Every structure is written in structure tokens, then in C-alpha cells.
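One structure is given here, and the rest of the page talks about it.
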Amino acid sequence: MRVAWGDTYRQPTRPNLFRLPEKYNKDNIIPDFPKINLQENVNVPLTLGHLFIAWHTLSQHFGNLREYEYLTEAERRAILGLEDAFGRVLSEQGLGKYSMEQANELLVLTREHMNTVHIECLDENP
1043 MRVAWGDTYR
1053 QPTRPNLFRL
1063 PEKYNKDNII
1073 PDFPKINLQE
1083 NVNVPLTLGH
1093 LFIAWHTLSQ
1103 HFGNLREYEY
1113 LTEAERRAIL
1123 GLEDAFGRVL
1133 SEQGLGKYSM
1143 EQANELLVLT
1153 REHMNTVHIE
1163 CLDENP
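In this text, residue positions in the sequence shown follow the working numbering: the first is 1043, and each later residue adds one.
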């Protein structure tokens, strides 16, 4: 969305999960930090339509190597890892067997589906 200079449009706000409390101990910012297992697999509740359009968006926008110049190696690996994981799940669900024409029709349906999915930072009420 293009906004003219001086307009009052604001981007939807997202909660800042990493905001530090007003008073914190500099030596131990996150008290339970050593207990966090970054290797643990987690489940993310997404509909199949949400997963499909997220995979499509990642593959289309990050399929061009020039996009990577703005990412760190860790960010690039995270994006490509998500794209791979989403692609595996979609394939397991049988979505990898469609022709390009059928996939484009499915993309139209998933775009319509996303209008029904509650997105916390965009929708005020569920």
C-alpha cells in the first residue's frame, strides 16, 4: 500500500516478544534461558490452505537468489528450511501431484481461504 507523505496510516502492530522489562538484571536478561531447548520440534497450528499460501509466498519471494543479499546466513537457512518443511507437508498431504494449472486454481482458493483465517495483528476480534 502506498501512502502519501504525512498520511496517518500505521502498519498493524505486532506484540514485541523480546521487549525487556523496565527493570531487568543485565547479567541474566531471560531467567530461564539455559532451560530453553532450541532443538525441540514444535507444532504450529495452521490450516492446510494457510500452509500452502505460506509455502507459495516463500518460494516465490525467496526463489530469487538476489533476495538473499539482505539476509544473514542464519535467516537464509531459516527461510529455506521453512520452505522445505512446508513443501514436505504439502507433498505428504497429496498436494504435490497437481499440474501447474490445478496448482494455480488451488492458489486462488487458498487466497480466498486466508480471508477467513483470524490473524491476530490484523483482526481485532476472532
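We put the CB at the ideal spot given by N, CA and C, even for glycine.
Since this is a predicted model, take the numbers as computed values, not measurements.
On the criterion of 16 or more Cβ atoms from any shown chain inside 10 Å, does residue i qualify as buried, or is it exposed?
i	result
ILE1095	buried
Less than 6 Å between C-beta atoms, sequence neighbours within five positions excluded: which residues of the same chain meet that for residue i?
i	result
GLY1091	THR1152, HIS1155
Using a Cβ-Cβ cut-off of 7 Å (strictly less than) and excluding sequence neighbours within five positions of residue i, which residues of its own chain qualify?
i	result
HIS1098	LEU1149
LEU1093	PHE1128, VAL1131, LEU1132
Judging by CA-CA distance, which residue of the options is the nearest neighbour of residue i?
i	options	result
GLN1102	ALA1116, GLY1129, GLU1082	GLY1129
VAL1159	ALA1127, GLU1147, LEU1137, THR1089	THR1089
What residue does the alpha helix (DSSP H) around residue i start on, and which one ends it?
i	result
LEU1151	1142-1156
GLN1135	GLN1135 -> no alpha helix (DSSP H), and no H or E assigned at all.
LEU1093	1090-1103
Quick one: residues in its chain with C-beta nearer than 8 Å to the C-beta of residue i, no 5 flanking neighbours on either side, listed in chain order?
i	result
LEU1100	ILE1121, LEU1124, GLU1125, PHE1128
With 8 Å as the threshold, decide whether the Cβ of residue i is near any Cβ in chain C.
i	result
GLY1129	Any reference to chain C falls outside this structure, which holds one protein chain only.
**Request:** Specify whether the segment 1157-1168 and the segment 1114-1125 touch according to this definition: at least 3 beta carbon pairs, one from each stretch, less than 8 Å apart.
**Result:** Contact annotation: the segment 1157-1168 does not touch the segment 1114-1125, with fewer than three C-beta pairs closer than 8 Å.
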